[in-house]
Amino acid sequence: MGTITSTDIFVQREDGPMNQTSSPLPILLVEDNEIDIEITERIFARSGASVRLRVVRDGDEALEVLLTGRSTNAPSTDELPRLVMLDLRLPRVEGREVLRRIKEDPDISAIPVAILSGASGERPLLECMALGANMYYVKPISANDAGKLVAAVEKYWGIITRLRDAKPRPEGEQQRS
Amino acid sequence: MRLLLIEDNPDDVAIVERLARSSPLPVEVTAHSNGVEALEWLARAEVPPDLVLLDIGLPGTRGTDILKRIKEDDELSEIPVIVVSGSRDDEDILEGVRLGAHSHIVKPIRNCDFAWIVVSVMKAQPRRLALRSMQGRR
Chain A
52 MGTITSTDIF VQREDGPMNQ TSSPLPILLV EDNEIDIEIT ERIFARSGAS VRLRVVRDGD
112 EALEVLLTGR STNAPSTDEL PRLVMLDLRL PRVEGREVLR RIKEDPDISA IPVAILSGAS
172 GERPLLECMA LGANMYYVKP ISANDAGKLV AAVEKYWGII TRLRDAKPRP EGEQQRS
Chain B
93 MRLLLIEDNP DDVAIVERLA RSSPLPVEVT AHSNGVEALE WLARAEVPPD LVLLDIGLPG
153 TRGTDILKRI KEDDELSEIP VIVVSGSRDD EDILEGVRLG AHSHIVKPIR NCDFAWIVVS
213 VMKAQPRRLA LRSMQGRR
């Protein structure tokens, strides 16, 4: 296995209550380009988002992290990332294949995947969306979009938790034609 | 949040309605089993829905034709449409995304799919963000 780095970026958030978390959002960044890794770390630091970034440098490592986490814990635990940020051009296992494997595995498919693409054409966007990508950005992601992404992902996990715990409201609240 | 569900399978309608009733944020579901009827409802609606959830495998009028009509209509084209299919290998998925679908999900719709639908409408607009990001770099 290659080098894995973890970076904790703690920044005080000023968002509303739904965005407040007690711990940084664990993110798996799958990126082989050292410059892009550093740029992404700096962007998250600037975004104001509180994240814990773990970096792996090829698709095989990414799947190993995700599948090892799956075998020991459910996706809601800290052992698995709450967000995968995935470059498309990766050594060993290519980004689209990593995306396909994540979205086809019922144990980890709930983890949102944001694509970081180096290509600006529409074709890779369409392919990734068809494979189940949750978000798609052309590199580098802006600090504003990074902040929005983290807020959306925190909200997403909050809604899942509340859906899991909720009792459905009476049927009369629905409109049906 | 107002959601238009175009789905002919009552079991799948029931799943979405149950998730909507459990949602921490109010979600009002209007369900139509027929695509043409849904288009007529959209044309008459005083307040358009925030999102359309479209079964791409509808019997009769194809789901991709319904999507095309929505995306070609100036008043409706901004409404995000998420296509739903029975299989990840459905060839209509790529066609749906090409025609302007926001994203797609595979049946059965799970908690996580529904949560992402809500988040997408509330905050993030993945497709729009992506396209804007691309346009900025051309």
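Respectively, the protein sequence lines represent chains A and B.
Counting in the numbering used here, the first sequence runs from 52 upward without gaps.
Counting in the numbering used here, the second sequence runs from 93 upward without gaps.
Glycine included, every Cβ here is placed at the ideal spot set by N, Cα and C.
Since we're looking at a predicted model, the values are computed, not measured.
Taking 8 Å as the cut-off, is the beta-carbon of Leu186(B) closer than that to any non-hydrogen atom of the ligand COA?
No copy of the ligand COA appears in this structure; indeed no ligand is present at all.
Comparing alpha-carbon positions, which option in Val144(B), Phe206(B), Asn101(B) and Cys204(B) lies nearest Thr122(B)?
Residue Val144(B) is the option with its Cα nearest to Thr122(B).
Per DSSP, which one or two residues make a beta bridge with Val135(A)?
Leu79(A) and Val164(A)
Please list, in chain order, all residues of the same chain as Cys179(A) whose beta carbon is under 6 Å from its beta carbon, the five residues on each side excluded.
Non-local C-beta neighbours of Cys179(A) in its own chain, meaning closer than 6 Å and more than five positions away in sequence, comprise Ile166 and Tyr187, ordered along the chain.
Looking at the C-beta of Asn203(B), does it have a partner C-beta in chain A at a distance below 9 Å?
Put simply, the CB of Asn203(B) is near chain A, with a gap under 9 Å to one of its CB atoms.
Report yes if the CB atom of Asp158(A) is closer than 9 Å to the CB atom of Asn84(A), and no otherwise.
No. Outside cutoff.
Just grab the DSSP bridge partners of Asp147(B) for me.
The bridge partners DSSP lists for Asp147(B) are Val176(B).
Should the stretch 139 to 147 of chain A be regarded as contacting the stretch 85 to 102 of chain A, the criterion being three or more beta carbon pairs within less than 8 Å?
no
I believe Ile94(A) touches Ala202(A) by the beta-carbon criterion, under 8 Å. Please report the beta-carbon distance rounded to the nearest angstrom.
Going by Cβ atoms, the distance from Ile94(A) to Ala202(A) rounds to 15 Å, so no, they are not a contact pair.
Ser195(B), enclosing beta strand (DSSP E) - first and last residue:
Ser195 to Val198
Can you tell me the Cα-Cα spacing of Pro172(B) and His196(B), whole angstroms?
11 Å
What's the call for Ile211(A), buried or exposed, on a 16-neighbour Cβ count within 10 Å?
Buried, since its Cβ has 16 or more Cβ neighbours within 10 Å.
Mapping the DSSP letters down to three states, classify Glu129(B) as helix, strand or coil.
helix
On a Cα-Cα basis, can you pick out the residue from Ile192(A), Leu214(A), Val204(A) and Ala181(A) that is closest to Arg97(A)?
Residue Ile192(A) is the option with its Cα nearest to Arg97(A).
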